[in-house]
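Going by UniProt numbering, the sequence shown opens with residue 1, and the numbers climb by one from there.
Note sheet for the following structure.
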Amino acid sequence: MSNDFIQLQASLKTLTESSPPHVRQDAEHYLLHVRPELLCNVALSDAFPLNQRLLACSALTAGEPPTREQIDRLIGALPGEACPPTVQAKLAQYIATGLQAHGQLRDITLSTFQSRALGVSVLREVFAAASFCTSKDQIKQLALLSTHTYSHIEGIPFTLLTEDDAEAILILLRAAADFLPAEPELFLFLSTTHRGFLELMCNEKYTSKVCDLYQTLLCNSVPKGHKRIPEVLYPVIGFFLEKAQALYELPYPQLRAVPACFSAIFSQFNILLRAQKEFILPAVYNFLCVFANHPSHLIFELIHPVLFNIFNDISLRGYEFDPRALCFLAERVCFYVNRYNLRTILTVVESDSLTDSEKYLTEDTLEFDTGFWLDWFGSFKGKCINLVSKLAVFYPRALLETITAGVSSFLIQLQQFEASLTEQQAYAFSMHTEQYYALDSLIAVVDACMSGCLKHVLYNHTFQDILQAETVTNLCDTLLSYIPRHPIVYYRIISALATFYKDALTVSSDKREEPKDNDSLKFIIARFFGPQIRKISRKYIECITFQSSILQEVGLTGEDLYTKMCQDTLALRRLVANRLNQMTEVSSIVRDYIVRTEEEFGELVSYIQSLSGKKAVTAYETVLLNQIISNILLAHGQSEGFKQQLASLLAQIRSVILSDQMRLYLQSDDAFIAGFHLTAVCTATDAAYVPCTQASLLARRWLMFALQEAKVLLVRIYEVFGMHESIVEFFPAIQAILLCLLRISSRGLLSTTPKYLTIQLSGQRLLANGTASGGMAKIDLENPQNPVPDIEHAYSWIERCLDACLSTLALEGGALLDLLFQANLAAVPPYLLRTVIQKLPRHQSLRELQLLQGLARIQCSDIVSVFTVLHPQELECIREYLVQPGQCALARTAAGVIWETLPERREVIAQNVLTLCNRALIDMCLALFTENGELRENIVRQLKDDPHFSLSLLSLFLALLMAFCRDVKCVAQLSIILDWVLVKLPMPDRHNANSDLEFTACQPGSPLAQVLTPMLILCYGLILQYVQYEYAQNALLLLAGRLLQITRSMAVTAFYAPDEHLVPPLISELLLITDAKKIRHLIRSSLVKAKRITVSVDKVAGITTAALLVARSDDNDSIEVHLGEYPVFDERDD
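Here you go:
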């Protein structure tokens, strides 16, 4: 071993250890003057520690550029396993300086690409290794090298290249593209003189590589608004349109790259391209319609963004598309949303043969998993339906006529199918059959088309001359003319009819003044909605007593309706009763279209009343029918008739809720449990798992229907007469029932999490047992023949009774809050607590804040366990300032997951359950505090005038931050709103250090400091924990700055160790500024100086403030179990 090498080892060791400054200086001097060969040996040897190898690389880069021989040697060693990525990156920069300095790129001839070591493969290795570089100087060098590469290849005669040469150059161009400067002139030749590269796309060997190259260049290296965009873009787009048919015939694995590339390029330049009629029309006809014909769902998903972008722009109607093309696209949507085309993915049957679509899906590199595909297909179907509604707005008449013809043709086939069913086949018929899937997809398209057209004509009034009322009527008549034999089929058709009138109900119930001319809403409703409303209401009345002949249900009455009628028939009857109830709630619609004369009025009321007398309807159907009668009476101003009806209905409710038997049950919890047969579920005995007995069902049904009828009727009385004495008389009994239900919900198995809820949480629907209800008729509480375990029946019963009680008591919001303060909500299981939260009154009162604060504290998890990146002293600070819950909700809920044996799995399920409950809580708070993207005026006023309200509001936010610290989006939401609150607090002049006012708003130990200081500590912890989420970090940095301005707390020094000296000047500087950007920058800079965060964070998909402040839709996290495609809890629709 030479002396030079030994001295080099010593110098490297000196620089990587703690050494005196003068010794380090000598070592650095030696390292900069040592021979490059020795440094290369160190850099490439795995015998040296990584930090010493990186020092050697730095010394190489600081010295002279490498020679040709050194470059050859380094290039050969780069791909080796002994060379880690960080070393590869630095050596690649060293090679790049050599290639640039010696001008070797410009000397490369055509033969070099095959024979010379400094050819394509060499450069490719350089770019591959350089992908790890991050410094600006390194990237600048790579950009120069990439520019030289493109410049050289431009001079090569493409026609002389063999396919192997072309492929090698193609790979090199793609590698260099990542570092190419944003100057389109550099690669313009790929669209003009060397168009042969584009031609390679038609060769299946190169399709993916060519698409990847052009997509990278056009999407990443073309600045917005650059003057040469057309020269670069149009030849590429023109090639796609010209060669679409040839590209469509490529093998499937290569074919996928084509629409992906086209969509990415179109999305990048959509504004420019949409303005070109000569591009848009061929794009739709020659490319999009061609690829839409492919059986693969994935191909259609790839072109969907382009289709939606085009047809979402109503101004393009002037391009005069061929309506046949749009009708073809609508038909293709009907194909794609037909779940039969994904049959074996959703319900795997060994004997099934794969459909064309499934064959392609087996080739897609996605996990073949039922749960995944259920979620994916749901999202995909939503996109398709959204698209077809846009197509309908373009050419409504042509599209609706096409749809009507398709529906008519399909219903003829469906009728033949139903006629051929034997009794055994009818009982086995389910939603998982080819015929049902085809019907479902067709109805989904009908819904989308009608919804798009009617909304547009109702709210925009722009194409009444294009959309003919007769076209709408013809489609409606086609659906109404079909009389199905099976309730599953009937349900799907009936459910589609609401599209023809629901928007008219919405605008008719508005209180705004209507114009009197022919363009008024009244005129539009009469023309486009009126005929359908009348026909559909008659169909609903006819269907209320539907009984399926094919299922041997004709003639059933009384209790047989529960015991012998199919669950699907019961669901259909409830649906039409609900829909008719909703229609009759709008008085103008009733008078103008449903019941227009006294004769019609008398006939309808007599008919509905007679149904109960004949026992032709069930108990819950009777509740809805009574409400329909009340609606009709009120619509026609029949006040005396309404009062008589009211007296009769109140007497029925009084006979249950105020009965002696009910008073007996309410004397004690044990009496209530015994009276409603809840002993087994409250004591966790094995009897809770046996089917619910008829005695249990009848006893529970007795109370549940009375409460539900009270909810409907008392709310209606309140709307008409205000807080009437007839409402008040029921309140004490309903309050007692509510408290009793909340108390017993913590007993035995009721305190656990229902297993069916975990199915909802996974985003799946349980589909089984051959009926539309999927074997989940257990939550239809009317049917005593259901083999449902007693515990599951009790879950649903308690939930529905709670819902009815809360909805009724919410009429007197203050009394309901007082009642809930009496209840021990900490013991209520999350699945029921969510129901309570959703029904809370929204008065922005101090009492409400205190209740919400208590609810948030119930849901707190173990705070410290959330933070996985904090230092020990930071965790200790959090423990000191943030009070830990005695028994965190996560552990308590996990303990209730009794059916799961794995502790890890129990915790995951428990976390999901808590998330559902917490989402209800934060959605409640968002609705309570914000309106139109800002704080409610009432909240702002109370913040200024009421210190107790301010303190309670801040305490609530602290509890919410603790409850939601595991959910980064919720943290961001809360941080934004809390920042608004802090700005509105009445404080002395905190921003002027020279102010005569002393900053005394938040003295240490004050009630305000006891809330804001823990909030500040939590905020700092969350900044460090969620540093990779830019949108959350921005909100948290600003909030931390505001809190530090107010508290001036030195407790945050724990987050700056060992640089605590940064905190005092930070606080002083914060007191001088008000600008949000400057506050955010100060906090970020201080944490960067303390080396707790870095300047460049990994960006996760950004979320705008507006998007953060939108409450979630109940459709996405509903606690209800759905019966296949429709919810059973129709009676819970408000």
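Even glycine gets a Cβ: it sits at the ideal position worked out from N, Cα and C.
Keep in mind the model is a prediction, meaning the values are calculated, not measured.
Shown here, leucine 846 sits in a helix according to DSSP, grouped into three states. The alpha-carbon of alanine 1032 is positioned some 38 Å away from that of alanine 815. Taking C-alpha positions only, arginine 834 is separated from alanine 963 by approximately 14 Å. The criterion of a C-beta distance shorter than 9 Å is not satisfied by lysine 90 and leucine 31. Taking a contact as a CB-CB distance under 8 Å, the pair leucine 505 and isoleucine 589 counts as one, their CB atoms being some 6 Å apart.
Taking a C-beta distance under 9 Å as the contact criterion, tyrosine 206 and glutamate 167 qualify as a contact pair. Of the candidates His22, Thr545, Leu74, Thr86, the residue whose Cα lies closest to the Cα of glutamine 52 is Thr86. Phenylalanine 308 places its beta carbon 9 Å or farther from that of phenylalanine 300. For threonine 835, the enclosing alpha helix (DSSP H) stretches over residues 830 to 838. Leucine 750 places its beta carbon 9 Å or farther from that of cysteine 801. Among the bridge pairs identified by DSSP, threonine 930 is matched with Leu935.
For cysteine 83, no alpha helix (DSSP H) run applies, since DSSP gives it neither H nor E. Taken atom to atom, the span from the alpha-carbon of glycine 1005 to that of aspartate 46 is near 58 Å. Isoleucine 628 and serine 807 have their C-alpha atoms some 19 Å from each other. A contact between stretches requires three or more CB pairs, one per stretch, nearer than 8 Å, and the stretch 638 to 654 fails this requirement with the stretch 579 to 587. If you check the CB distance, leucine 855 and leucine 825 come in under 9 Å.
Glycine 530 and valine 446 have their C-alpha atoms roughly 19 Å apart. A contact between stretches requires three or more CB pairs, one per stretch, nearer than 8 Å, and the stretch 442 to 458 meets this requirement with the stretch 382 to 399. For proline 49, the three-state secondary structure derived from DSSP is coil. Annotated three-state conformation of proline 235 is helix, per DSSP. With the rule of 3 Cβ pairs closer than 8 Å, the stretch 730 to 738 does not count as touching the stretch 679 to 695. At least 9 Å separates the beta-carbon of leucine 458 from that of tyrosine 395. Note that the C-beta distance between leucine 1044 and valine 1052 is below 9 Å. Exposure of glycine 555 is indicated by the presence of fewer than 16 other C-beta atoms within 10 angstroms of its C-beta.
By the neighbour-count criterion, in which 16 or more other beta carbons inside 10 Å mark a residue as buried, methionine 704 falls on the buried side.
Per the C-alpha coordinates, the member of Ala182, Val210, Asp164, Glu231 positioned closest to phenylalanine 189 is Glu231. Relative to the Cα of valine 1027, the nearest Cα in the group Lys969, Ile977, Ile653 belongs to Lys969. According to the DSSP assignment, asparagine 41 belongs to the alpha helix (DSSP H) that extends over 36 to 44. Taking C-beta atoms as the reference points, valine 913 and leucine 811 fail to come closer than 9 Å. Note on geometry: alpha-carbon atoms of isoleucine 169 and glutamate 163 lie some 10 Å from one another.
The Cβ-Cβ distance between leucine 832 and serine 955 does not fall below 9 Å.
Taking a contact as a CB-CB distance under 8 Å, the pair leucine 921 and phenylalanine 929 does not count as one, their CB atoms being some 12 Å apart.
Between the stretch 245 to 253 and the stretch 264 to 274 there are fewer than three inter-stretch CB-CB distances shorter than 8 Å, so the stretches are not counted as touching. A residue is called buried once 16 or more other Cβ atoms fall within 10 Å of its Cβ, and histidine 1061, having fewer, is exposed. Judged by beta-carbon spacing, serine 548 lies within the 9 Å limit of arginine 485, meaning their Cβ atoms are closer than that value. In this structure, the beta-carbon distance from alanine 182 to serine 221 falls below 9 Å.
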